[in-house]
Amino acid sequence: MVNNLNPGDQSPLETTIGYEQVAVDLTAWLARSEPDPALKQALDFALLEDFDHLYRYANLYELIDGRDAAELTDSLTEIMPGRPTMVEHRHPYDDVRPHYDTHTVDPLSRLHVMTIVAAEQQTMNYYLNHSAEFMEPVARDLYVEISHIEEQHVTHYESLLDPLDSWFKQLVFHKYNEAYLYWSMLQQEAEPRLKRIWELHLDMEIGQLHAACDLLRRYEGVEPEEILPPELPEVPLTFETNKDYVRSVLAEQIDLRADGTEYVPVGELPEDHRYFAFQDVVNDGGAPSELVVDENRAASGREFRDEVEGPHPVAGLRA
Amino acid sequence: MTILVPTKATGATAKTAEMTYVEPDRQVTDDELAAALPDAGLNMAFVADFLSAALTHERCGRHLYRSVAARTNNPVLKRRYEDFGEETERHAEILEELIAGMGGNPSYVSPAARGVEGADTKLVESTSLLGGSLDVMTREMVMLQAVFLAESLDHAHWQTLAKLAERLPDGDLRDRWVRAVGEVGPEEGEHLEWARAAMEKMVMLQAESSAMAAVGAKAEELVEKVRSWFA
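Here the protein sequences come in this chain order: A and B. Take the position in the first sequence, starting the count at 1, then add 153; the result is the number in our numbering. Take the position in the second sequence, starting the count at 1, then add 652; the result is the number in our numbering.
Take a look at the structure:
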């Protein structure tokens with residue numbers, strides 16, 4: 154039902170731009186609200202990568218459709234380079250993070266991680282499935298390239314989850330998360346028709362949560378109150394503009410790369426680091442994410458940006 | 653009230669590991685663990701970790717007993733599971749008191765405790781995830797085996813705690829430790845022996861009954877048969 158709220162005349166690329174706007178503003182809001190500094194850093198790291206994806210897809214939109222992505226984003230999210238997609242490709246060893254400890258983790262942090270894993274998985278699957286719906290090679294290649302990064306993001310975020318949690322505990326946490334998300338949307342929604350949908354789905358998820366709790370109780374002997382907090386978070390997950398926050402992270406973290414489980418500036422990686430060898434292999438022959446901007450520049454006379462808060466905070470990424 | 657699952661809200665703390673991250677204000681180190689406990693001439697950081705593991709096993713045992721008590725079809729087993737479950741919860745409470753009385757945190761979850769919880773999680777899962785491939789009687793045996801395995805480790809933990817008590821210097825700590833072992837040890841022995849004997853009896857009941865071997869026996873008949881065990 155939720156997916157069918159998208160209009161029928163919305164193209165896959167328009168849906169994609171919507172997904173990346175969601176990714177940026179969801180990730181930014183989660184990072185701003187995240188109590189755990191390590192989890193916040195994980196969110197900040199991938200934020201700049203999804204931010205760049207929005208820029209690349211916006212250039213594709215102008216290149217092949219001649220249209221303005223800012224009409225879709227309503228300029229609520231800026232469109233400009235983030236951490237360039239071509240430098241985001243990294244060795245798998247550098248994608249896995251230390252996981253939180255399920256006993257000490259803040260319940261809000263758990264919700265944040267589960268939410269972002271779901272979001273990244275959705276985008277990964279979408280890009281993998283829709284790349285073949287384009288005729289233009291640069292479009293097909295761009296979707297494949299970015300889908301690889303989204304897979305990295307899924308691994309990056311999913312590795313934060315504690316593998317100690319049993320299947321039924323995971324089910325209860327999952328249903329609780331869904332209830333939290335629908336409740337959050339219900340708080341924000343102004344459109345009465347959509348509000349009724351969120352309320353209906355929230356009711357359903359609460360019912361499913363009860364069923365999951367019954368399973369946990371019966372098959373693991375665990376009372377749900379032992380693992381769930383007594384109340385939902387005070388603040389609902391909120392979609393709002395995050396331009397200032399994104400700009401601050403851009404200014405401070407653009408050069409970060411992953412080195413095992415750590416984040417380090419690219420200049421601190423040794424010359425023989427596996428990152429560079431991986432980059433050489435993946436980017437051999439050129440990166441579609443660079444080509445799309447080059448081709449749009451050649452066709453449109455400029456690269457597409459929607460910088461509404463001033464010049465890019467990183468001098469080297471200014472037009 | 654006994655804490656059966658430590659959480660951030662109950663004051664849970666943990667150590668970081670290579671692939672385990674703990675929020676800074678919830679992290680503990682070996683030095684901090686040792687410093688919180690009395691100097692008893694032992695590696696107190698290790699003792700803290702071991703106590704955490706033993707306590708976790710009791711907590712998981714409580715959960716296991718609740719689960720099998722809810723699912724068994726045999727009234728005798730159900731009563732035993734319920735009774736032993738309550739005693740197990742009391743054992744957890746005794747360990748919490750022992751740890752807190754020493755200056756430790758009963759909500760500290762050590763790496764050893766995580767290991768125990770991982771094993772115990774799989775143990776309780778084994779009693780249900782294979783349900784579709786097990787008949788009614790085999791499910792009862794699987795649940796009872798899980799109890800036996802859990803009680804085996806539990807019994808070993810308390811025997812080890814008794815050994816540790818002998819190494820403690822005379823004083824309040826040793827007295828409290830000895831009292832705890834004195835109260836729980838015999839019950840753990842009873843739990844383990846009961847589980848062993850019940851398993852033996854369940855095997856003999858089925859081995860000596862030709863009706864059990866009948867293929868195609870209706871589920872209701874099998875449930876009735878299970879209900880009559882130990883009567």
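Every residue, glycine too, gets a C-beta built ideally from N, C-alpha and C.
Pick from A:HIS327, A:PHE287, A:ALA404: whose alpha carbon is nearest that of GLY469 (chain A)?
By one-based count along the first sequence, residue 469 (chain A) stands at place 316. Closest option to GLY469 (chain A), judged by alpha-carbon separation, among A:HIS327, A:PHE287, A:ALA404: A:ALA404.
Using the Cβ count rule (16 or more neighbours within 10 Å means buried), how would you classify ARG876 (chain B)?
As a first step, residue 876 (chain B) must be located in the second sequence, where it is residue number 224. The question names Arg, yet the displayed sequence has Glu at residue 876 (chain B). By the neighbour-count rule (16 or more Cβ atoms within 10 Å), GLU876 (chain B) is not buried but exposed.
State the CB to CB distance for the pair VAL446 (chain A) and GLU462 (chain A), rounded to an integer number of angstroms; the pair is presumed to be in contact (CB under 8 Å).
Translated into the one-based positions of the first sequence, residue 446 (chain A) becomes position 293. Translated into the one-based positions of the first sequence, residue 462 (chain A) becomes position 309. Contact doesn't hold; Cβ gap of about 21 Å is too wide.
To which residues of the same chain is GLU373 (chain A) closer than 8 Å at the C-beta, ignoring the five residues directly before and after it?
As a first step, residue 373 (chain A) must be located in the first sequence, where it is residue number 220. By the criterion of a C-beta distance shorter than 8 Å, GLU373 (chain A) is surrounded in its chain by SER319, PHE321, LYS322, once the five residues flanking it on both sides are discounted.
Across which residues does DSSP place ASP412 (chain A) in a beta bridge pair?
Here the question's residue 412 (chain A) lines up with position 259 in the first sequence. ASP412 (chain A) pairs with A:GLU415.
Are the stretch 827–844 of chain B and the stretch 738–757 of chain B touching by the rule of at least three beta carbon pairs closer than 8 Å?
Yes: the two stretches touch, three or more of their Cβ pairs being nearer than 8 Å.
Does the distance from the C-beta atom of GLU448 (chain A) to that of LEU216 (chain A) stay below 7 Å?
Numbered from its first residue, the first sequence carries residue 448 (chain A) at position 295. Numbered from its first residue, the first sequence carries residue 216 (chain A) at position 63. Yes.
Could you pull the start and end residues of the alpha helix (DSSP H) that TYR280 (chain A) belongs to?
On the first sequence, residue 280 (chain A) is found 127 positions in, with the first residue counted as 1. Run containing TYR280 (chain A): 260–283, per the alpha helix (DSSP H) assignment.
Determine, using beta carbons only, whether LEU959 (chain B) and GLY756 (chain B) come nearer to each other than 7 Å.
Only positions 653 to 883 of chain B appear in the structure, and residue 959 (chain B) is not among them; the question remains open.
Tell me the residue span of the alpha helix (DSSP H) that contains HIS807 (chain B).
Against the second sequence, residue 807 (chain B) aligns to sequence position 155. It spans 788–819 - the alpha helix (DSSP H) in which HIS807 (chain B) sits, taken as one unbroken run.
Measuring alpha carbon to alpha carbon, tell me which of A:PRO260, A:TYR335, A:PHE429, A:MET239 ends up nearest GLU378 (chain A).
As a position in the first sequence, residue 378 (chain A) is number 225, starting the count at 1. The option with the nearest alpha carbon to GLU378 (chain A) is A:PRO260.
Any heavy atom of the ligand NAP inside 6 Å of the beta-carbon of GLU384 (chain A)?
Annotation note on the ligand NAP: not contained in the displayed structure, which lists no ligands.
One or two residues paired with VAL884 (chain B) in a DSSP bridge
Any property of residue 884 (chain B) remains undetermined from this structure, which presents chain B solely from 653 to 883.
Give a yes or no on whether 7 Å exceeds the smallest Cβ distance from ARG718 (chain B) to chain A.
Your numbering for residue 718 (chain B) matches position 66 in the second sequence. At least one chain A Cβ lies under 7 Å of ARG718 (chain B).
Run down chain A in chain order and give the residues with a C-beta less than 7 Å from the C-beta of MET671 (chain B).
By one-based count along the second sequence, residue 671 (chain B) stands at place 19. Ordered by position in chain A, the residues that pass the 7 Å Cβ test against MET671 (chain B) are PRO251, HIS252.
Min CB distance VAL674 (chain B) to chain A below 7 Å:
Start at 1 with the first residue of the second sequence, and residue 674 (chain B) comes out as number 22. For VAL674 (chain B), the answer is yes, since a Cβ of chain A falls inside 7 Å of its Cβ.
At 4 residues or longer, and completely inside the stretch 195–229 of chain A: list those alpha helix (DSSP H) runs for me, N to C.
You should have 223–226.
Go ahead and pull the three-state DSSP assignment for HIS252 (chain A).
Taking the first residue of the first sequence as 1, we reach residue 252 (chain A) at position 99. DSSP places HIS252 (chain A) in strand when its eight states are reduced to three.
Which residues of chain B have a Cβ atom closer than 9 Å to the Cβ of ILE380 (chain A), listed in chain order?
Indexing the first sequence from 1 puts residue 380 (chain A) at position 227. Those are VAL657, THR659, listed as they occur along chain B.
Per-residue contacts from THR308 (chain A) into chain E (C-beta, under 7 Å):
No chain E appears in this structure, whose protein chains are A and B.
7 Å Cβ cutoff met for LEU200 (chain A) and THR180 (chain A):
For the purposes of this step, residue 200 (chain A) is taken as residue 47 along the first sequence, with counting starting at 1. For the purposes of this step, residue 180 (chain A) is taken as residue 27 along the first sequence, with counting starting at 1. Against a cut-off of 7 Å, the Cβ pair of THR180 (chain A) and LEU200 (chain A) comes out as a contact.
Is SER861 (chain B) close to chain A, meaning its C-beta is less than 7 Å from at least one C-beta of that chain?
Taking the first residue of the second sequence as 1, we reach residue 861 (chain B) at position 209. No, SER861 (chain B) does not count as interfacial toward chain A.
For the alpha helix (DSSP H) that contains TYR333 (chain A), what are its first and last residues?
The count along the first sequence starts at 1 and reaches residue 333 (chain A) at position 180. 320–341 is the span of the alpha helix (DSSP H), which, as asked, contains TYR333 (chain A).
Within 7 Å, strictly: CB atoms of TRP881 (chain B) and ASN726 (chain B):
The residue you call residue 881 (chain B) lines up with position 229 of the second sequence. The residue you call residue 726 (chain B) lines up with position 74 of the second sequence. Yes; because the gap between Cβ atoms is below 7 Å, this pair is in contact.
If you measure from the beta carbon of HIS843 (chain B) to each beta carbon in chain A, is any gap under 7 Å?
Working through the second sequence from its first residue, we reach residue 843 (chain B) at position 191. Chain A contact via Cβ: absent.
Name the chain A residues that come within less than 7 Å of SER762 (chain B), Cβ to Cβ?
For the purposes of this step, residue 762 (chain B) is identified with residue 110 of the second sequence, where counting begins at 1. Below the 7 Å Cβ cutoff, chain A contributes no neighbours of SER762 (chain B), its closest Cβ being approximately 11 Å away.
Between A:VAL325, A:LEU390, A:LEU355, which lies nearest to VAL375 (chain A) when the distance is taken from Cα to Cα?
Here residue 375 (chain A) is taken as the residue at index 222 of the first sequence, counted from 1. Considering only alpha carbons, the answer is A:VAL325.
Would ALA705 (chain B) and VAL768 (chain B) be called neighbours here (beta carbons separated by less than 7 Å)?
Counting from one through the second sequence, the residue named residue 705 (chain B) turns up at place 53. Counting from one through the second sequence, the residue named residue 768 (chain B) turns up at place 116. Judged by beta-carbon spacing, VAL768 (chain B) lies within the 7 Å limit of ALA705 (chain B), meaning their Cβ atoms are closer than that value.
Closest Cα partner of GLU835 (chain B) within the set B:ALA814, B:VAL794, B:LEU820, B:ALA849
As a working mapping, residue 835 (chain B) is identified with position 183 in the second sequence. Proximity to GLU835 (chain B) across B:ALA814, B:VAL794, B:LEU820, B:ALA849 peaks at B:ALA814, based on C-alpha coordinates.
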